[in-house]
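Notes to accompany the following structure.
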Amino acid sequence: MISQQKEPPQKWTVVELINWTADYLKDKGLDNGRLIVERLLAHTLQVDRVHLYLKFDRPLDSEELSAFKAKLKRRLSHEPLQYIVGEAEFMSLPFHVSPGVLIPRPETEVLVEACLKLCRQEFSQPDRIDILDIGTGSGNIAIALAKNLNCAYITAIDSSAEAIKVARENAALNDVSDKIEFVHSPIEEFSLAEHGHCFDVVVSNPPYVTKSEYASLPPEIRDYEPE
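Residue 3 is where the sequence shown starts when you use my numbering, and the numbers rise one by one after that.
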C-alpha cells in the first residue's frame, strides 16, 4: 500500500528532512530509505549519523538543502550510495571508494575470514606470512588481512592505476602502509622473480559475472561499477 506523501515543510530541520525524504524513498520503492537519507545528510553536513539526532532540530540553510538534493538526485538515478559519499565499510574498517574501483561487498568478508582462519591454523606464530592479493581493487582484502594478522606482509597487484591509487590511500587511512606493497601490473606480467620471494598464500576475488549475465545486473552495478 502506497502511503500518502505529506506536503514538504516551508523550512527544513534535520529530523523533518530525514522523515519526509525517507517516506518519499519508500514510495519510490527504494530499500533502506532512512539509512540512505541519514548517510547523504551526514555527508552533506560533514557530521556522523549520530550527530544528526543530537541536533535533530537544527535548521538547514539553502546551500545545504541544495547540496543534499543534488546527492539525493544521484541516488534516485541509481548511482551507488558509496560512490556518492565516497566511502564504504568492510570488516568494520573505513575505505575510500571511487567509480574506478568496485565497491567492497559484505560477501567478500567470508573470503577474508576463511583466509584468516587458514593462516592461523597453518602458520603457528610465524615471523612472517607472505600473501599475494590479485586484483586488489580498493585494497579491502589486503588491508583487512594486514589489520588482522600481525605477521602478514602483502603484495597487492592490480592492472588499474586508479585502483592502486585508491588502495594506497586506504592503506594509509587504516595505518597499514608499511605492511603492503602495491604493484600496478596485470597478473600475466607480474614477475615473482622481481619480488625475490614466493608466497605462502594467494588470495583473489576477481569479477565472476559472465557477459551474458551482465546486462541483467541491477543498474547500480551495470551502469556505474567497473566491468
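Backbone N, C-alpha and C define an ideal beta-carbon position, used for all residues, glycine too.
Residue i versus residue j: straight-line alpha-carbon distance, rounded
i, j, result
"Cys153", "Leu175", "20 Å"
"Leu62", "Lys13", "8 Å"
"Met3", "Leu113", "Here the model assigns Met3 a pLDDT of 40, short of 50, so the residue's position is not dependable, and the following value carries that caveat. Going by the C-alpha atoms only, they are around 40 Å apart."
"Lys30", "Val52", "26 Å"
"Ala144", "Asn34", "29 Å"
"Ile156", "Val211", "26 Å"
"Glu180", "Cys200", "One detail in the question is off: residue 180 reads as Asp in this sequence, not Glu. Cα-Cα distance, rounded: 19 Å."
"Ile166", "Ala148", "16 Å"
"Trp22", "Pro208", "40 Å"
"Tyr216", "Asp129", "43 Å"
"Asp25", "Asp132", "50 Å"
"Glu229", "Val103", "10 Å"
"Val168", "Asn142", "10 Å"
"Leu54", "Lys213", "42 Å"
"Asp225", "Val205", "27 Å"
"Gln84", "Glu91", "9 Å"
Whole-number beta carbon distance between residue j and residue i, since they are thought to touch under 8 Å
i, j, result
"Leu56", "Leu19", "Actually they are not in contact, since the Cβ atoms of Leu56 and Leu19 sit about 15 Å apart, beyond 8 Å."
"Glu109", "Phe97", "Not really, about 15 Å apart at Cβ, beyond 8 Å."
"Val17", "Leu27", "In fact, because the Cβ distance is near 16 Å, the residues do not count as touching under 8 Å."
"Ser140", "Pro101", "Rounded, the Cβ-Cβ distance is 12 Å, inconsistent with contact."
Terminal residues of the alpha helix (DSSP H) in which residue i lies
i, result
"Glu91", "Not the alpha helix (DSSP H): Glu91 falls in the beta strand (DSSP E), residues 89–92."
"His53", "51–56"
"Val168", "163–175"
Simplified DSSP assignment, three categories, for residue i
i, result
"Asp132", "strand"
"Ser206", "strand"
"Val114", "helix"
"Val211", "coil"
"Ile124", "Reading off the sequence shown, one finds Glu at residue 124, where the question assumed Ile. Here Glu124 sits in helix by DSSP."
For residue i, the first and last residue of its enclosing beta strand (DSSP E)
i, result
"Tyr155", "154–160"
beta-carbon residue i near the ligand ZN non-hydrogen atom, thresh 8 Å
i, result
"His80", "Questions concerning the ligand ZN fall outside what the structure shown contains, since it holds no ligand whatsoever."
Just checking, does the stretch 113–126 make contact with the stretch 216–226 on the three C-beta pairs under 8 Å criterion? no
Taking contact to mean at least 3 C-beta pairs separated by less than 8 Å, is the stretch 71–83 in contact with the stretch 130–137? The answer is no - the stretch 130–137 does not touch the stretch 71–83, with fewer than three Cβ pairs under 8 Å.
So, do the stretch 193–208 and the stretch 64–74 have three or more beta carbon pairs nearer to each other than 8 Å? Fewer than three beta-carbon pairs drawn from the stretch 193–208 and the stretch 64–74 are found closer than 8 Å, and the two stretches are therefore not classed as touching.
Do the stretch 148–165 and the stretch 174–188 make contact, defined as three or more Cβ pairs closer than 8 Å? yes
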